[in-house]
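*Asks:* Protein chains in written order, with the working numbering: chain H, 196 to 312; chain R, 196 to 312.
2 protein chains.
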Amino acid sequence: MNNFSDATSCPVRNVLDRLSDKWTILVILVLGETGTMRFNEIHKQIGDISEKMLTVSLRKLEADGLISREVYPVIPPRVEYRLTALGQELLPLIDTISNWANRHMQQILTNRQQYNG
Amino acid sequence: MNNFSDATSCPVRNVLDRLSDKWTILVILVLGETGTMRFNEIHKQIGDISEKMLTVSLRKLEADGLISREVYPVIPPRVEYRLTALGQELLPLIDTISNWANRHMQQILTNRQQYNG
DNA sequence: CGGTATCCTGTGCGATACTG
DNA sequence: CAGTATCGCACAGGATACCG
């Protein structure tokens, strides 16, 4: 039996708190699909994320060791992001949830509408 | 290849937007571990969630059809929550992420510390 | 190209009080 | 017991401008 009540020591909460924002999981999915990507590729792929939030998301993922960030000292600058081994390990789990979402969205939307009248 | 760029039509975003708040996934996990639970049981199990946010989270999960809410017309009131079939189907996926979190938290915390100096 | 720096706003969330 | 109602605020996140 788990104990979720202490936010700082509970692993699940420690990790989920980090994944539970508007963009992080999406960034992992995109990087997982395409492999190595540059900043603006990710940006285009997600579409409505602001540059600021993409930067913030990437930096947090880098800090946690889920993605790597390689800077090529050329002009114009070239920066490549990719999943690390740790990130690769997380990817299939997120992918599974993504598939579940695809399978059940219609049902969930119907439920939601009915509930809200 | 997925297209994540339209928030309203993309299944992944539709579903993830709903799961990506501070408490929802935790509520699913707790209900998954213990089965049928009353309001205050969930509240105690999570500890630092406010009654307001627990109510909000439960209502959203109910709206999406992931949990059911059964009210017994007795005094004092008795309300039981449990995962629906749809919720049960999502549970193992979240469980897997929870396990991943348990396995890798220490590494992630170390990464984070090193990154932030 | 790949970002910062600033400013600003909506809202997620907590705290507290009250209720059938 | 299982909630609502209300208030207030920190902060996530958007918009815009600027930069090496």
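Glycine included, each C-beta is placed from N, C-alpha and C at the ideal position.
If the cut-off is 9 angstroms on Cβ atoms, which residues from the segment 240–253 of chain H count as contacting chain R, listed in chain order?
*Replies:* Q240, I241, G242, D243
*Asks:* By the 8 angstroms beta-carbon criterion, what residues does the segment 281–299 of chain R contribute toward chain H?
*Replies:* L281, E284, L285, L288, I289, T291, I292, S293, W295, A296, N297, H299
*Asks:* With a 10 Å radius around its C-beta and 16 neighbouring C-beta atoms as the bar for buried, classify Y276 (chain H) as buried or exposed.
*Replies:* Under a 10 Å Cβ-count criterion, Y276 (chain H) is classified as buried, with 16 or more other Cβ atoms of the shown protein chains found around its own Cβ.
*Asks:* Pop quiz: T231 (chain R) and G260 (chain R) are said to be a contact at Cβ under 8 angstroms. What is the actual Cβ separation, rounded to whole angstroms?
*Replies:* Not really, about 17 angstroms apart at Cβ, beyond 8 angstroms.
*Asks:* Counting Cβ pairs closer than 8 angstroms, one from the segment 215–223 of chain H and one from the segment 250–269 of chain H, do we hit at least three?
*Replies:* yes
*Asks:* Okay, do the segment 201–209 of chain R and the segment 228–242 of chain R touch, 3+ Cβ pairs below 8 angstroms being the bar?
*Replies:* no
*Asks:* By the three-class DSSP mapping on this structure, what secondary structure does S200 (chain H) have?
*Replies:* coil
*Asks:* Closest Cβ-Cβ distance between L278 (chain R) and chain H: below 7 angstroms?
*Replies:* no
*Asks:* Does the beta-carbon of I270 (chain R) have 16 or more other beta-carbons within 10 angstroms, so that it is buried, or is it exposed?
*Replies:* exposed
*Asks:* Taking 7 angstroms as the CB-CB limit, is F234 (chain H) close to chain R?
*Replies:* Under the 7 angstroms criterion on CB atoms, F234 (chain H) is classed as non-interfacial with respect to chain R.
*Asks:* Have a look at R:T305, R:W218, R:R307 and flag the residue whose alpha-carbon is nearest the alpha-carbon of R247 (chain R).
*Replies:* In the sequence as presented, Arg is not what sits at residue 247 (chain R); that position holds Lys. If we check each option's Cα against that of K247 (chain R), R:W218 comes out closest.
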